[in-house]
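Visitor:
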Amino acid sequence: MSSWLDYTINGLIVGNVYALVAVGLALIFGVSRLINFAQGSIYLVGAYIGWVAVVQLHTPLPLTIIVVAVAAAIVGLIIERFGLRPLQNSVRIAPLLATIGISFVLDQLVMLTFSPNPRALPSQLPEVRFQVGNGTIGPLDLLIAGVGITSALLLFVFLRYSKLGWAVRAASQDRDAAMQMGVDVNRVNQAVFGIAAALGGVSGMLVGMYYNQIDTAMSLQATLKGVVAEVVGGAGNVPGAVIGSLLLGLVESYGVAVFGTSYRNLFAFLLLVVVLVLRPNGLFASARQAPPEPLTGTFIAPSRPVRIPRWALAVAAAGFAILPLFPVSFYVLQTLINAWLLGMLALSLTLVAGTIGQVSLGHAALLAIGAYTSALLSLTLNVPVGLAVIGGGLMSAALGTLLISPSFRLRGHYVSIATLAIGEIVSLVILNWESVTRGPIGISGIPPLSLFGYDLISPTPIYWFSFAVMVVLALLQGRLLTSHLGRSFRAIRDDDIAARAYGLSLNRYKSLAFIFGGFAAGVSGGIAAHLYSYINHETFNTQQSILALTVVILGGLGNVVGAILGSVALVGLPEVFRIAAEYRILIYGIVLLLLVRFRPQGLLGTM
Amino acid sequence: MTASAPEPLLALSNVDTFYGQAQVHFGLSITVARGHIVCLLGGNASGKSTTMKIILGLVKPRSGEVTFDGASLLGLSTPQIVRRGIASVPEARRLFADMSVRENILMGAFVRNDREAIAQDLDKMLTLFPKLGQRLSQRAGSLSGGEQQMVAMARALMSRPRMIVMDEPTMGLSPLYVDRVLELIRTINQEGVSVFMVEQNASLALEIAHEAYVLQTGKIVLSGPARALKDDPRVRDAYLGGSEAA
């Protein structure tokens with residue numbers, strides 16, 4: 013049995029690894045006010061470059077570290093130059109979305125190059141452990157600690173004594189003023205991305221060696237942990253990021269000691285939510301100032317929505333409604349059923365992210381809540397499936413709104429981080445709450461969809477059912493947008509301070525938006541559960557949240573018809589062109605990048 | 002008075018500026034003669050600060066020309082313009098709040114590489130602004146408004162500029178510091194640095210300026226030697242509280 017000292021040592025070592033990621037995030041946030049969601053992908057790239065160096069080129073350890081640092085830095089420079097610099101003058105959400113797109117592309121390229129199977133990454137260090145008090149420590153622990161401390165010292169010297177380091181600090185405190193001193197902000201950005209990528213890459217390599225295993229799932233986890241550590245320490249605060257990382261490592265390690273391994277991440281995200289709610293500027297931020305977040309209005313690309321005449325919409329809807337009467341293959345119907353289910357999720361997200369301006373990155377959690385509720389209602393309580401699905405929608409509406417409500421006071425990027433964390437928490441609670449959710453085994457044998465006693469098993473009735481539900485939700489949402497309520501939502505999105513000054517209660521309207529959106533997403537999840545007949549805690553994951561966001565941006569934020577069009581396009585087109593599944597994520601990433609760069613208002617325009 | 006000036010140091014000619022659809026400047030033309038203090042007066046939203054931003058390259062005009070020492074500034078980035086010899090004292094000082102006073106002042110010399118001369122110039126700043134001597138290692142954000150203004154001016158001088166542009170240098174300062182700041186601007190000017198300043202406080206600005214322009218909703222409505230403008234009834238009415246004072 014491990015001792016407390018062991019858990020402490022483990023927590024500090026893991027914290028060191030997080031620090032290498034978080035410091036890079038903090039540097040980038042400081043200069044660009046951007047949360048770099050591609051940081052984990054660079055970490056992943058670093059791990060695989062390390063694998064190539066160690067396993068194929070047989071480089072000695074010091075050389076491996078240098079190779080990884082340099083190669084990762086080059087990736088970072090490329091991301092900055094070609095992914096982000098062109099977006100300098102676009103809306104505030106653009107670079108954030110671009111880093112999400114870049115991370116999809118990088119992760120998928122790594123997966124296509126190296127296959128998704130895990131690989132061993134040997135550390136080349138002797139397998140001995142030294143006794144320290146009643147704990148033990150190995151050479152790899154010492155290496156990680158050494159790299160962490162050395163990097164921190166180098167960074168300190170760089171920021172404190174070099175000219176470029178001064179420029180970085182000046183630019184992160186006041187970008188315009190720094191330019192007026194002659195600082196070339198592009199060079200500063202380059203430097204910061206290069207450093208962040210080098211640290212992130214080395215971190216990925218070290219983690220690979222620590223567990224002697226690397227796989228492509230590392231990327232998202234690293235981003236999430238780095239973001240948690242950075243926000244806990246105070247976004248943009250470099251020493252804060254280090255302390256936040258060590259704290260995160262310790263909290264996780266002690267959490268594992270007390271509750272078990274599957275609780276590790278739960279503690280990380282709970283820590284994040286607690287910090288966001290109680291001290292959104294981080295534990296170590298002075299009360300002096302909040303980071304200059306933009307008003308929500310500057311977050312969304314303004315545009316004139318494309319007007320589509322009602323008769324055209326009616327014709328299109330009628331066309332899709334009578335489609336099964338024609339001799340189309342089940343495969344086409346199946347694809348469109350998926351599109352309608354995604355469409356319901358997109359309706360929900362376009363309302364929350366587009367109309368009221370809360371860009372949610374954890375929307376899949378609403379699907380999960382709806383799916384589990386509906387599945388369990390029908391399985392354990394024998395509730396008729398039709399009612400169970402509605403129950404799923406209501407539960408998503410209630411629970412989703414309750415869970416998000418503590419973060420209603422947050423704005424901009426912080427809403428995205430909070431929703432991401434809450435989404436992860438939902439999935440982790442499902443994993444760990446075995447008495448109700450059956451934990452990692454998942455729920456199998458979920459009864460098929462049925463209405464008034466008739467089972468819907470063949471694709472045609474399922475198609476009609478899901479299409480009808482989506483159309484009803486879309487009509488309701490369209491009606492909502494033209495009402496006084498819809499105007500209030502948009503007012504809050506465009507300028508929450510002005511909206512409040514006019515007497516709008518932000519919390520009440522945000523709750524209403526999440527209740528409506530939660531219901532639509534919960535119904536979608538509920539239907540999906542009965543279609544799949546098996547679900548587990550990973551059925552509805554962050555990738556789906558990001559896919560939904562891509563759909564919504566493709567269609568135009570806030571745009572009801574756009575959300576449905578986007579769903580058909582992103583689900584349907586890859587099927588039509590028979591694109592293999594592993595390339596689809598790559599395509600979603602590229603679509604997101606191209607949209608952000610060339611048509612941020614989406615196909616049909618924001619509303 | 003200025004008839005002998007051959008070529009101005011800074012010239013804006015026929016500048017039109019837009020923010021989206023809204024036009025900010027309508028054919029703006031301003032010149033700053035070498036060695037002079039020129040003041041741009043105007044109320045809120047008249048386009049004063051935008052004029053500063055045009056000179057510094059932070060905002061690009063839609064049409065017109067901006068030249069410094071005969072060469073166009075259009076198309077140059079802000080850092081490049083700073084390297085041409087224009088330093089700035091931004092509105093509300095804009096110090097690097099978490100850096101020390103010393104670091105802030107030295108940031109002004111960012112475009113220079115002559116270490117020894119920079120150290121000498123730092124000493125010179127401390128004789129010009131003696132109060133800052135005791136504050137050198139303090140966080141800049143912890144200083145009072147007046148002290149911060151001193152740091153901002155020292156910072157601007159550290160690049161050995163040929164011209165300093167200042168956005169409302171007396172804004173938010175106590176009367177004592179207002180006098181001090183104006184005196185310092187005059188001192189700086191006497192050492193050969195041209196000054197272009199934007200001010201709301203017309204009576205004070207006209208005390209030290211050689212020439213002045215009055216900007217109203219993006220158009221120059223009045224210009225000339227400061228002494229003449231000071232007595233101009235239109236300026237008195239608009240900016241000096243003339244009717245009450247009279």
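Sequences listed follow chains A and B, in order.
Everything in the first sequence is counted per this note's numbering, starting at 13 for the first residue and increasing by one.
Everything in the second sequence is counted per this note's numbering, starting at 2 for the first residue and increasing by one.
Built from N, CA and C at the ideal position, the CB exists for glycine as well.
1) Would you kindly work out how many angstroms separate the C-alpha atoms of Tyr546/A and Gly538/A, rounded to a whole number?
2) To the nearest angstrom, how far is it from the Cα of Leu59/B to the Cα of Leu118/A?
3) Taking all protein chains shown into account, do 16 or more other C-beta atoms lie within 10 angstroms of the C-beta of Leu48/B, making it buried, or fewer, making it exposed?
4) Does Glu92/B come within less than 8 Å of chain A when only Cβ atoms are used?
5) Would you decide whether Pro74/A is buried or exposed? Buried here means 16 or more other CB atoms lie within 10 Å of its CB.
6) Excluding the 5 residues flanking Asn190/B on each side, which residues of the same chain have their C-beta closer than 7 Å to its C-beta?
7) Within the 8 Å Cβ cut-off, does Met191/A reach chain B?
8) Nearest chain B C-beta to Val254/A closer than 8 Å, yes or no?
9) As an exercise, report each continuous alpha helix (DSSP H) stretch of at least 4 residues that is fully enclosed by the region 554–587 of chain A, in chain order.
10) Measure the beta-carbon distance from Ala157/B to Gln149/B and round it to whole angstroms, keeping in mind my assumption that it falls under 8 Å.
11) Once you ignore the five residues that flank Leu422/A on each side, which residues in its own chain have a CB closer than 7 Å to its CB?
12) Considering Cα atoms alone, identify which of Phe49/A, Ser428/A, Val564/A and Gly570/A is closest to Val603/A.
13) Could you check the C-alpha separation between Arg505/A and Phe126/A for me, to the nearest Å?
14) Since I believe Phe501/A is in contact with Ile368/A (beta carbons under 8 Å), could you give me their beta-carbon distance rounded to a whole number of angstroms?
15) Does the separation of the CB atoms of Gly206/A and Leu89/A fall below 8 Å?
16) Count the other CB atoms within 10 Å of the CB of Pro62/B; is the residue buried (16 or more) or exposed (fewer)?
17) Would you give the residue range spanned by the beta strand (DSSP E) that Ile226/B belongs to?
18) Threshold first: 4 residues or longer. Then list the alpha helix (DSSP H) segments lying entirely within the region 85–135 of chain A, N to C.
19) Is it buried or exposed, Ala132/A, if we count other Cβ atoms within 10 angstroms and call 16 or more buried?
20) Could you work out which residue in Leu616/A, Ser536/A, Val82/A and Phe332/A is closest to Ala380/A when comparing CA atoms only?
21) Compare the C-beta of Val250/A with all C-beta atoms of chain B and state if any pair is closer than 8 Å.
22) Would a C-beta distance cut-off of 8 Å place Ala34/B and Leu57/B closer than the cut-off?
23) Is the Cβ of Ser160/B closer than 8 Å to any Cβ of chain A?
24) Could you run through the region 190–222 of chain A and flag, in chain order, every residue whose CB is less than 7 Å away from some CB of chain B?
25) Could you tell me which uninterrupted alpha helix (DSSP H) segments, each at least 4 residues in length, are contained entirely in the region 207–249 of chain A, listed from first to last along the chain?
26) Keeping to the same chain, check which residues put their C-beta closer than 6 Å to that of Leu415/A; ignore five residues upstream and five downstream.
27) Leu144/B to Pro176/B, Cα distance in whole Å?
28) Of the residues Gln233/A, Ile455/A and Leu357/A, which one's Cα is nearest the Cα of Ser408/A?
29) Count Cβ pairs between the region 207–214 of chain A and the region 46–57 of chain A that sit closer than 8 Å; are there 3 or more?
30) From Leu373/A to Ser495/A, what does the alpha carbon distance come to, in whole angstroms?
31) Given that a residue counts as buried once 16 or more other Cβ atoms are within 10 Å of its Cβ, and exposed if not, what is Thr273/A?
32) With burial defined as no fewer than 16 other Cβ atoms inside 10 Å of the residue's Cβ, what is the status of Thr128/B: buried or exposed?
33) Report the rounded CA-to-CA distance for Glu200/B versus Gly86/B, giving the unit in angstroms.
34) For Gln68/A, is the classification buried or exposed, using 16 other Cβ atoms within 10 angstroms of its Cβ as the cut-off for buried?
35) Pull up the distance between the alpha-carbon of Leu325/A and that of Ala540/A, whole angstroms please.
Guide: So, to answer that:
1) As a position in the first sequence, residue 546/A is number 534, starting the count at 1. As a position in the first sequence, residue 538/A is number 526, starting the count at 1. In a straight line, the C-alpha of Tyr546/A is about 12 Å away from that of Gly538/A.
2) As a working mapping, residue 59/B is identified with position 58 in the second sequence. As a working mapping, residue 118/A is identified with position 106 in the first sequence. Cα to Cα, Leu59/B sits roughly 34 Å from Leu118/A.
3) Position 47 of the second sequence, counted from the first residue, corresponds to residue 48/B. Correcting the residue type first, residue 48/B is Gly in the shown sequence and not Leu. So Gly48/B ends up on the buried side.
4) Along the second sequence, one-based indexing puts residue 92/B at 91. Judged by the 8 Å Cβ criterion, Glu92/B is not in contact with chain A.
5) Within the first sequence, the letter at position 62 stands for residue 74/A. Counting Cβ neighbours within 10 Å, Pro74/A comes out exposed, since fewer than 16 surround it.
6) Residue 190/B sits at position 189 when you count from the first residue of the second sequence. Within the same chain, Asn190/B has close Cβ partners Ile38 and Val196.
7) Here residue 191/A corresponds to residue number 179 of the first sequence, with the count starting at 1. For Met191/A, the answer is yes, since a Cβ of chain B falls inside 8 Å of its Cβ.
8) Here residue 254/A is taken as the residue at index 242 of the first sequence, counted from 1. No, its Cβ sits nowhere closer than 8 Å to a Cβ of chain B.
9) 554–567 and 572–579
10) Against the second sequence, residue 157/B aligns to sequence position 156. Against the second sequence, residue 149/B aligns to sequence position 148. Not confirmed; about 13 Å, so no contact.
11) Locating residue 422/A in the first sequence gives position 410, where the first residue counts as 1. Cβ neighbours of Leu422/A beyond the five flanking positions: Leu288, Pro292 and Ala430.
12) As a position in the first sequence, residue 603/A is number 591, starting the count at 1. Looking at the Cα atoms, Val564/A is the closest of the given residues.
13) Counted from its first residue, the first sequence places residue 505/A at position 493. Counted from its first residue, the first sequence places residue 126/A at position 114. So the alpha carbons of these two residues sit roughly 43 Å apart.
14) As a first step, residue 368/A is located in the first sequence; it is residue number 356 there, counting from the start. As a first step, residue 501/A is located in the first sequence; it is residue number 489 there, counting from the start. That belief holds up - the Cβ atoms of Ile368/A and Phe501/A are roughly 4 Å apart, short of 8 Å.
15) To locate residue 206/A, count along the first sequence from 1; it is residue 194. To locate residue 89/A, count along the first sequence from 1; it is residue 77. Yes. Within cutoff.
16) For this step, residue 62/B is matched to residue 61 along the second sequence. Result: buried.
17) On the second sequence, position 225 is the one that residue 226/B refers to. Note that residue 226/B is Pro in the sequence shown here, rather than Ile. Residues Lys220 to Pro226.
18) 105–126
19) The count along the first sequence starts at 1 and reaches residue 132/A at position 120. Its Cβ having fewer than 16 others within 10 Å, Ala132/A is exposed.
20) Within the first sequence, the letter at position 368 stands for residue 380/A. Among Leu616/A, Ser536/A, Val82/A and Phe332/A, the Cα nearest to that of Ala380/A is on Ser536/A.
21) Mapped onto the first sequence, residue 250/A falls at position 238. Cβ-Cβ to chain B under 8 Å: no for Val250/A.
22) Numbered from 1 along the second sequence, position 33 holds the residue referred to as residue 34/B. Numbered from 1 along the second sequence, position 56 holds the residue referred to as residue 57/B. Going by C-beta atoms, Ala34/B is not nearer than 8 Å to Leu57/B.
23) Residue mapping note: residue 160/B aligns to position 159 of the second sequence, counting from 1. Ser160/B counts as touching chain A.
24) Met191, Gln192, Met193, Gly194, Val195 and Asp196
25) 230–245
26) Translated into positions along the first sequence, residue 415/A becomes position 403. Closer than 6 Å at Cβ, skipping near neighbours: Ile434.
27) Position 143 of the second sequence, counting from 1, holds the residue named residue 144/B. Position 175 of the second sequence, counting from 1, holds the residue named residue 176/B. Straight-line Cα distance between these residues: approximately 17 Å.
28) The residue labelled residue 408/A in the question sits at position 396 within the first sequence. Comparing Cα positions, the closest option is Leu357/A.
29) yes
30) By 1-based counting over the first sequence, the position of residue 373/A is 361. By 1-based counting over the first sequence, the position of residue 495/A is 483. If I take the Cα positions, the gap works out to 27 Å.
31) The residue given as residue 273/A occupies position 261 in the first sequence. That one is exposed.
32) Here residue 128/B corresponds to residue number 127 of the second sequence, with the count starting at 1. It counts as exposed.
33) The residue given as residue 200/B occupies position 199 in the second sequence. The residue given as residue 86/B occupies position 85 in the second sequence. Approximately 22 Å, taken between the alpha carbons.
34) Residue mapping note: residue 68/A aligns to position 56 of the first sequence, counting from 1. Exposed: under 16 other Cβ atoms inside 10 Å.
35) Position 313 of the first sequence, counted from the first residue, corresponds to residue 325/A. Position 528 of the first sequence, counted from the first residue, corresponds to residue 540/A. Rounded to the nearest angstrom, the two C-alpha atoms are 26 Å apart.
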